[in-house]
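Residue numbers (my numbering), protein chains in the order written: chain A, 1 to 210; chain B, 1001 to 1299.
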Amino acid sequence: MAEHNNILDRYTPGARLNHWINAILMICLALSGMSLFHPSLYFLSDLFGGGVWTRIIHPWMGVVAMLSFLGLVIRFWRFNLWTKDDSAWMKNINHVMSGDEAKVPEAGKYNAGQKLVFWSLCVLTILLLTSGLALWDSQFGHLLTIEQKRLAAVVHALSAVALIAVVITHIYAAIWIRGTIRGMTRGSVTGGWAWRHHRKWLREEVGKAK
Amino acid sequence: MANLQSLDIRRRSATTTTPPSQRETVPIAKLIDVSRCIGCKACQSACLEWNDLREEIGVNVGVYDNPHDLTENTWTLMRFTEIDVDGRFEWLIRKDGCMHCDDPGCLKACPAPGAIVQYKNGIVDFVSENCIGCGYCVKGCPFNIPRISAKDQKAYKCTLCSDRVAVGQAPACAKVCPTQAISFGTKSDMVAWADHRIADLKERGYKNAGLYNPAGVGGTHVMYVLKHLDKPEIYAGLPKDPKISPLVELWKGITKPILLAGVGLAALATFFHYVTHGPNEVQTEDEEAAEKMRRDKAA
Ligand code: HEM
Ligand code: SF4
């Protein structure tokens, strides 16, 4: 059947599992972290068994999340290298936002917006991990001065907020661009989706096909 | 400690509404006259005794400080410094512990609702059952006072005997001091008493004598009479101009509601984008174009 041929593999089962472990942990980290961030969100700590449990498990989830994120980086960094076309794409992002992708250069496996999400997550993750470890008094409390921990608290809070904003963008893009989520749940996308959003990638994939 | 004075709470940690504050009380203070202290540590013992805590038996490393630092059990500690003033040996003995800041950095930093309260009389108290053990109070305090217990991961420090004060008693340390170096009363009475003591010290030649009641933290409810107010650092590192660190202000100040609003607005913006631009759906023409590309390649 022709329709069957018009399907492209995008993510292996391993990549999907890795992504969703990371996503679940990141959401739990954001919710537990936000509960300590502002009094109006303290109720979120009940999701984790109260304030004390939130304080205990947040850093452990952080460590596991960072390991799983490392897995994603190893899998995907190659496809996220920046090109000249990406700069042109970025300059015309307003067309993309209004759903008119014909006016920007064809995207490869990832478009410039996705690459930006990828690299900002890399930077923010490093900041969160280092500042998070510095704040982890029950494990490393004795290693740093109080002044260093104050700085870590500021870095952790600011980069957590930045990360949450990036994640909101990422999730919305997946919802808005229909046909995207099945890539990460079933592992495949339709040819039409690739033609519409990642035409350069489609050309490469079709070119590879025997 | 216990939250006994529930109608006169001036500030409550991680709480954005007004806490129960109907009852008015007079601000109180403890005045520690360092010039009268003989270093007997009766106050330190009385503190352990009243609060029913025990300190581990330590080791002597050649100084009189015992234990070597404040701990989760030792909420007050005599710190000994030997100095030379104009060729004369002098012993500075400072009773360290919570200063009960009028603008407490610990309370500002605390993320757990009601884990730290400040009563209208000025006492800053840790309500341990609400403490989550995050250690933020340690980062908030300009005097390095709170200690986290290894046993229960809760923060502990001097309560200014809030339980005694609530029933009209002076703190245990003030009660027990044999030289009356520690006095307790209303803050205005204590300031007046300090003035009297300072006049006496000045008469005796200590021209830099004065009251340590640092304005950077709004004044404190534990104050010192110092012979050398010009150099508080010589008293085992008493800060000259303590205030809540600018990093803590940045972390816990106006930035928080602004950032929170930012995250909320970002989420709202995506929703508004959706309702104005609709879903970006793959069209039949897209599928056909992809089909065609595939067939052209096969051909
Ligand atoms: C990557 C996603 C992460 C997010 C979204 C996140 C978010 C947050 C937020 C919003 C807070 C509250 C900060 C404040 O009160 O100002 C927080 C606190 C904290 N975070 Fe994270 N964080 C992440 C990763 C990590 C990692 C990797 C670690 C450590 C390995 C960590 C350790 C901590 C610690 C120790 C605290 C303070 C709570 C406590 O004392 O236990 N976080 N986090
Ligand atoms: S000295 Fe430290 S612990 Fe005591 S009230 Fe001030 S900030 Fe809080």
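Glycine is no exception: its CB is placed at the ideal position from the N, C-alpha and C atoms.
These numbers were taken from a predicted model, which means no experiment stands behind them.
Asked                                                                                                                                : Found
Among THR1025/B, THR1018/B, GLY1205/B, ASN1280/B, the one whose alpha carbon lies nearest that of THR1167/B                          : Sequence inspection shows Val at residue 1167/B; the Thr mentioned does not correspond to that position. Taking only the C-alpha atoms, the option nearest VAL1167/B is THR1025/B.
PHE48/A: CB within 7 Å of a non-hydrogen atom of the ligand SF4                                                                      : no
Pick from ALA160/A, TRP20/A, PHE48/A that is closest to LEU72/A, judged by C-alpha positions                                         : TRP20/A
Distance cut-off 7 Å: GLY1133/B Cβ against heavy atoms of the ligand SF4                                                             : no
Contact check, ALA1236/B vs THR1081/B, beta carbons under 8 Å                                                                        : yes
Partner residues on chain E for ARG186/A, Cβ-Cβ distance less than 7 Å                                                               : Among the chains of the structure shown, chain E does not appear; the protein chains present are A and B.
Top-ranked residue by Cα proximity to VAL1222/B, from CYS1037/B, ILE1057/B, PRO1020/B, LYS1095/B                                     : LYS1095/B
Pocket of the ligand SF4 defined by Cβ to heavy atom distance under 7 Å                                                              : CYS1098/B, MET1099/B, HIS1100/B, CYS1101/B, PRO1104/B, GLY1105/B, CYS1106/B, LEU1107/B, VAL1124/B, CYS1137/B, GLY1140/B, CYS1141/B, PRO1142/B, PHE1143/B, ILE1145/B, PRO1146/B, LYS1157/B, VAL1217/B
Beta-bridge partners of GLY1185/B, as assigned by DSSP                                                                               : ALA1029/B
Classification of PHE37/A by the beta-carbon crowding that lies within 10 angstroms, buried from 16 upward                           : buried
Contacts around LEU1201/B, its chain only, beta-carbon distance under 7 Å, and the 5 residues preceding and following it disregarded : SER1035, ALA1209, LYS1227
Under 8 Å between C-beta atoms of ALA1115/B and CYS1101/B                                                                            : no
Closer than 8 Å to chain A by CB, PRO955/B                                                                                           : The first residue shown for chain B is 1001 and the last is 1299, placing residue 955/B beyond what the model contains.
Simplified DSSP assignment, three categories, for TYR1224/B                                                                          : strand
Listed by chain order, chain B residues near SER40/A by CB distance under 8 Å                                                        : THR1016, LEU1260
Whether PRO1104/B touches VAL1124/B by CB criterion (8 Å)                                                                            : yes
Spatial neighbours of ARG1295/B in its chain, beta-carbon cut-off 6 Å, leaving aside the 5 residues before and after                 : none
The ligand GTP heavy atom lying under 7 Å from the CB of ILE57/A                                                                     : Although the ligand GTP was asked about, the structure shown includes only the ligand HEM and the ligand SF4 as ligands.
Positions along the stretch 1272-1299 of chain B whose CB lies within less than 9 Å of some CB in chain A                            : HIS1273, TYR1274, HIS1277, GLY1278, PRO1279, ASN1280, GLU1281, VAL1282, GLN1283, THR1284, GLU1285, ASP1286, GLU1287, GLU1288, ALA1289, ALA1290, GLU1291, MET1293, ARG1294, ARG1295, ASP1296, LYS1297, ALA1298
ASN242/A vs SER68/A beta-carbon contact at 8 Å                                                                                       : The shown model of chain A, from 1 to 210, leaves out residue 242/A, and the question about it has no answer.
Three-state class that DSSP yields for GLU3/A in the structure shown                                                                 : In this prediction, GLU3/A has a pLDDT of 43, which is less than 50 and means its spatial position is unreliable; what the coordinates show is noted afterwards. It is helical.
CB of ALA134/A within 8 Å of CB of LYS149/A, strictly                                                                                : yes
CB contact check: LEU36/A to chain B, cutoff 8 Å                                                                                     : yes
N- and C-terminal bounds of the beta strand (DSSP E) containing GLY1097/B                                                            : 1088-1097
For GLY1210/B, the first and last residue of its enclosing beta strand (DSSP E)                                                      : 1210-1212
Chain B within 8 Å of THR190/A, Cβ atoms only                                                                                        : yes
Contact set between ALA1267/B and chain A, taken where Cβ atoms lie within less than 7 Å                                             : ILE168
As assigned by DSSP and simplified to three states, the class of PHE69/A                                                             : helix
Option in TYR172/A, LYS200/A, ASP100/A with minimal Cα separation from LYS109/A                                                      : LYS200/A
Whole-number beta carbon distance between HIS197/A and ILE177/A, since they are thought to touch under 8 Å                           : 6 Å
VAL1085/B, DSSP secondary structure in three states                                                                                  : strand
Chain B within 8 Å of TYR110/A, Cβ atoms only                                                                                        : no
Residues bridged to VAL1117/B (per DSSP)                                                                                             : ARG1012/B, ASP1125/B
8 Å CB neighbourhood of ALA162/A in its chain, flanking five on each side removed                                                    : SER120, LEU124
Interface positions of the stretch 144-168 of chain A facing chain B (Cβ-Cβ less than 8 Å), listed along the chain                   : ILE146, GLU147, LYS149, ARG150, LEU151, ALA153, VAL154, ALA157, LEU158, VAL161, ILE164, ALA165, ILE168
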